[in-house]
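Asks:
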Amino acid sequence: MNASRIALVTGANQGLGRALVEGLAARMDEDDLVLLTGRSHRRVAEAAREVGRLPGTRAQVEGRVLDVTDTEAITRLAGELEARHGGVDVVVSNAVARLLPEESQAERADEFIDVSNTATHAVLRAFGPVLRPGGRLLVVASSLGTLGHLDTRLHHLFDGASLDQVEYAVESWRSAVHSRTAQESGWPLWLNVPSKVAQVAAVRAVAAERRARDLADGTLIAAVCPGMVDTATSRPWFSDHSRAQTPARAADAVLDLVFAEPVDPALYGELVRFGKVLPWHDGTPLVEQDRMLTP
């Protein structure tokens, strides 16, 4: 990677995002810059200040306000980093909307999709072109992001799709939720499943177009599954957290992927968990969550 590297993490005020910033700041050099982003100016400023004061911090840490639902803001930030620094070296798209089990999935669909999917598409479109040779562009997803977790009637929407086609599929899903035809079309009630599949499909789409030149210069684009992490977002969904990782421990596996040299071609464009690929076509449709959410 280049000297004076630039790294950026979305959804970085707390939880895994903040742990990723802390890890980047500890592993990078004094001349490097890590951008901690989030929606709240106060929380972003406080988090950046606290990370900057940690004993292990080496790189510079700067807070930047970024609402990932504002796709134009994502594009502007990418352009700014290209103009000021010639591009960016590490981008981790991590933002997610917090959703509670007792909340209506349909009523929260727009926010959830905007944060998890529309923003992912915008990050890939904006930061892919300004990623410097040898860079890393990672989208935090989950093991639910494998195609087999969806009804087979929906597989054609994502398998081998372009980014435009993934976006169209996401908007079709959104429309089906609003028209209350989602279940009859095969979409699960639980928003997290199609959202994660779509995130991985978007990564695969972009990676398919760039693979040859990226591997030639040591660039990595991939989706990552950090495993079960004990955060405010995940805690309400699980009764047993005994096997959950702390955000710091979960961040380590993601950071190992960021700093691994050389790039393993087998990981390029894939969903990676603890350094290993989760096969795209694996998984079976999940029904337990739908039973739990059915009125």
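Counting with our numbering, you get residues 10 to 304 for the letters of the sequence shown.
Every residue gets a Cβ at the ideal spot worked out from N, C-alpha and C, and that includes glycine.
Are the stretch 151–164 and the stretch 200–218 touching, with three or more C-beta to C-beta distances below 8 Å?
Replies: Touching, yes.
Asks: Please report the straight-line C-alpha distance between residue 176 and residue 255, rounded to a whole angstrom.
Replies: The straight-line gap from Cα to Cα measures roughly 33 Å.
Asks: Considering only the beta carbon of each residue, do residue 53 and residue 73 sit closer than 9 Å?
Replies: Cβ atoms of residue 53 and residue 73: closer than 9 Å.
Asks: To the nearest angstrom, report how far apart residue 252 and residue 155 are at their CA atoms.
Replies: Near 22 Å, if we compare the C-alpha coordinates of residue 155 and residue 252.
Asks: Which residues share a DSSP beta bridge with residue 15?
Replies: DSSP lists 42 as partners of residue 15.
Asks: At a cut of 8 Å, does the stretch 18–27 reach the stretch 39–48 through at least three beta carbon pairs?
Replies: The stretch 18–27, when compared against the stretch 39–48, does touch it at the 8 Å Cβ threshold.
Asks: Report back the beta-carbon spacing between residue 141 and residue 88 to the nearest angstrom; my notes put them in contact at under 8 Å.
Replies: Incorrect: roughly 15 Å between the Cβ atoms, too far for contact.
Asks: Go ahead and pull the three-state DSSP assignment for residue 133.
Replies: Residue 133: helix per DSSP, three-state reduction.
Asks: As an exercise, report each continuous alpha helix (DSSP H) stretch of at least 4 residues that is fully enclosed by the stretch 97–128, in chain order.
Replies: List check, alpha helix (DSSP H) in window: 118–122.
Asks: Does the beta-carbon of residue 194 have 16 or more other beta-carbons within 10 angstroms, so that it is buried, or is it exposed?
Replies: Looking at its Cβ environment, which holds fewer than 16 other Cβ atoms inside 10 Å, residue 194 is exposed.
Asks: List the whole-angstrom C-beta distance separating residue 236 from residue 271, where the pair is believed to meet the contact cut-off of C-beta under 8 Å.
Replies: At roughly 25 Å, the Cβ-Cβ gap does not stay under 8 Å, so residue 236 and residue 271 are not in contact.
Asks: Indicate whether the contact test is met: 3 or more Cβ pairs, each with one atom in the stretch 116–123 and one in the stretch 177–185, closer than 8 Å.
Replies: The stretch 116–123 vs the stretch 177–185: in contact.
Asks: For residue 69 and residue 199, which I take to be in contact (beta-carbon distance under 8 Å), what is that distance rounded to the nearest angstrom?
Replies: Not confirmed; about 40 Å, so no contact.
Asks: Which whole runs of the beta strand (DSSP E) in the stretch 211–241 are 3 residues long or more, in chain order?
Replies: Taking only runs of at least 3 residues, the beta strand (DSSP E) segments lying wholly in the stretch 211–241 are 229–234.
Asks: Measure the Cβ-Cβ separation of residue 101 and residue 149 and say whether it is below 9 Å.
Replies: Yes. Within cutoff.
Asks: I'd like the span of the alpha helix (DSSP H) that includes residue 8, first residue to last.
Replies: Since the first residue of the chain shown is 10 and the last is 304, residue 8 is not available in this structure.
Asks: Would you be able to state if there are at least three C-beta pairs under 8 Å between the stretch 208–218 and the stretch 278–290?
Replies: Enough Cβ pairs lie closer than 8 Å, so yes.
Asks: From the DSSP secondary-structure annotation, give me the bridge partner or partners of residue 59.
Replies: Answer is none; residue 59 lacks a bridge partner.
Asks: What is the DSSP secondary structure of residue 73, reduced to helix, strand or coil?
Replies: Reduced to three states, the DSSP call for residue 73 is strand.
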